[in-house]
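Residue 3 is where the sequence shown starts when you use the numbering used here, and the numbers rise one by one after that. Glycine is no exception: its CB is placed at the ideal position from the N, C-alpha and C atoms. In this text, all values refer to a predicted model and were calculated from it rather than measured experimentally. Below is one structure, written out as C-alpha cells, with a few remarks after it.
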Amino acid sequence: MSKANRSKNFFDDPHALVSAESETFRVRSLPPIWRNSLILTTAITIFLCINQQFVLRFFIDFTPLNTEYYYALILVLLPFVFIIFPGSPKAQIDCVDWYDVLLFFISAATIVVMMVNVRQSASLGWEFGGAPEHLIWAGYLMWAILLEGLRRTGGWGLLLSVGPFTFYPLFAESNWLGPLKGAESTLPLLSAYHSFSSESLLGVPIQAFAETVVGFLVFGTALMLTGAGKFFINISFALCGTFRGGAAKVGIFSSALLGMMSGSIVSNVLTAGTMTIPVMKRTGFRPSYAGAIEACASTGAVLAPPVMGA
Numbered sequence: 003m004s005k006a007n008r009s010k011n012f013f014d015d016p017h018a019l020v021s022a023e024s025e026t027f028r029v030r031s032l033p034p035i036w037r038n039s040l041i042l043t044t045a046i047t048i049f050l051c052i053n054q055q056f057v058l059r060f061f062i063d064f065t066p067l068n069t070e071y072y073y074a075l076i077l078v079l080l081p082f083v084f085i086i087f088p089g090s091p092k093a094q095i096d097c098v099d100w101y102d103v104l105l106f107f108i109s110a111a112t113i114v115v116m117m118v119n120v121r122q123s124a125s126l127g128w129e130f131g132g133a134p135e136h137l138i139w140a141g142y143l144m145w146a147i148l149l150e151g152l153r154r155t156g157g158w159g160l161l162l163s164v165g166p167f168t169f170y171p172l173f174a175e176s177n178w179l180g181p182l183k184g185a186e187s188t189l190p191l192l193s194a195y196h197s198f199s200s201e202s203l204l205g206v207p208i209q210a211f212a213e214t215v216v217g218f219l220v221f222g223t224a225l226m227l228t229g230a231g232k233f234f235i236n237i238s239f240a241l242c243g244t245f246r247g248g249a250a251k252v253g254i255f256s257s258a259l260l261g262m263m264s265g266s267i268v269s270n271v272l273t274a275g276t277m278t279i280p281v282m283k284r285t286g287f288r289p290s291y292a293g294a295i296e297a298c299a300s301t302g303a304v305l306a307p308p309v310m311g312a
C-alpha cells in the first residue's frame, strides 16, 4: 500500500467503516387530512404549554393538575405515532392503514378515560388498590399501546431493553434477582402505578418535555424565524467558517455563546441545535455525528463562565 493510501485510510472517519443500523425510520407521507390534523395538534400543544407554564387560566374556573396537563399532552401527541410510523417494514408509506387508524382512536379514547379520572383515582388512593376497575383495564390497554408506540419509534432493540423492566415488580421478590430484589406488586397495582405514578408514564421524561423542552423548542424556532438565531450563526461563520470542518466549528462556537447564557445543557441543545445541526448535515456530516458534536459542545458551554456548571 502506498504512503498516500495509508495516509488517506488513517484520516478516514472510523465510524463510516462500521456497518450500523439505519439512522432514519420509515415515516409516512401523510394525506392532507392527517397533515392538517397534526398541524392543529401541534398548535394545541403549544397553547397548552403556554397556558400551564404562565398560569394564564384560559380554562375558566378550572385549573388542571399537572397530571391532567401531562395526559392532555399525551392525548394530542401519542395517537399520531400510529399515523406517522408504519407498523412494519412492508406497510405502505403513502397511505394510512385501517388498523393504524383504529389504534389512533383506541389510544385517544384510552387517554381521555385516564385523564378525566385522574382526580378520582387520586382521591380513592390508587397506591393502595383504590383505583376503579375500569381504570385498571384502561391501564392495561395503555400499557400495551405505549409498548407498541415504543417499538415503532425506537425499534425492537429499545423495546426489548425497556419492556421487560415494566414487568419487573411482578417478580421483584424472586431469589434469582439477588441484590436486585424489591417489593413485589400485583398486576392491578402495577397497572395503576404505570398509569398514575410520577415514576412511570408521568415520570421525568414527560415532565421535562412538558415543562422545559416544548418551551425551548418554541424559543429556538422563534429565534430562527425572527432572524435572531442568524446573529450567532453569522458570528460563528465569520470566525470559523473558512476552516476545514467549519460547520462543526460553527456549531461548537455558537453553542458556546448560547450555553454561557442559558446554563442548561438540554436547553442549549434545543436552541442552538435547531440551527447548527441542520448546517452540519447540509455540509456532509452524518446526523448522529452532528448530534454528538452539538451535545458535547453544549455540555462544555455550561461548564464555562459565568455558570461554570452550577
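If you compare alpha carbons, which of Y73, S257, P88, P91 is closest to A110? Y73
Going by C-alpha to C-alpha distance, which of L67, Y170, I147 sits closest to E186? Y170
Using 10 angstroms around the beta-carbon of F130, count the other beta-carbons present and answer buried if the total reaches 16, otherwise exposed. exposed
Once you ignore the five residues that flank I46 on each side, which residues in its own chain have a CB closer than 6 Å to its CB? V78
Uninterrupted alpha helix (DSSP H) stretches inside the region 106-172 (no shorter than 4 residues): 120-126, 135-168
Integer-rounded CB distance, given that M116 should sit under 8 Å from A140: 6 Å
Alpha helix (DSSP H) containing P197: first to last residue? Rather than Pro, the amino acid found at residue 197 in this sequence is Ser. From DSSP, the alpha helix (DSSP H) with S197 extends over 189-198.
Distance, I208 Cα to C51 Cα: 12 Å
Are L80 and G157 closer than 8 Å when you measure CB to CB? no
Given 8 Å as the limit, is there contact between the region 253-261 and the region 186-196, that is, 3 or more CB pairs closer than that? no
Count the other C-beta atoms from every protein chain shown that fall within 10 angstroms of the C-beta of S176, then say buried if there are 16 or more, exposed otherwise. exposed
Out of curiosity, what's the CA-to-CA distance linking L162 and T155? 13 Å
The alpha helix (DSSP H) with N270 in it runs from where to where? 267-284
Helix, strand or coil at F84 according to DSSP, with G and I counted as helix: helix
Excluding the five sequence neighbours on either side, which residues of its own chain have a C-beta within less than 7 Å of the C-beta of L1, listed in chain order? There is no way to answer for residue 1, as the model of the chain reaches only from 3 to 312.
Quick one: measure Cβ to Cβ for I85 and D102, integer angstroms, because I've assumed they're closer than 8 Å. 6 Å
Taking all protein chains shown into account, decide if V240 is buried (16 or more other Cβ within 10 angstroms of its Cβ) or exposed. The sequence shown places Ala at residue 240, not Val. Answer is exposed; the Cβ neighbour count stays below 16.
Could you name the residues of the same chain whose beta carbon sits closer than 7 Å to that of C242, not counting the 5 residues immediately before and after it, in chain order? G248, K251, V252, F255
Short check: CB of G302 to CB of I279, under 8 Å? no
Determine, for L42, whether the minimum Cβ-Cβ distance to residues of chain D falls below 8 Å. Here there is only one protein chain, and chain D is not present.
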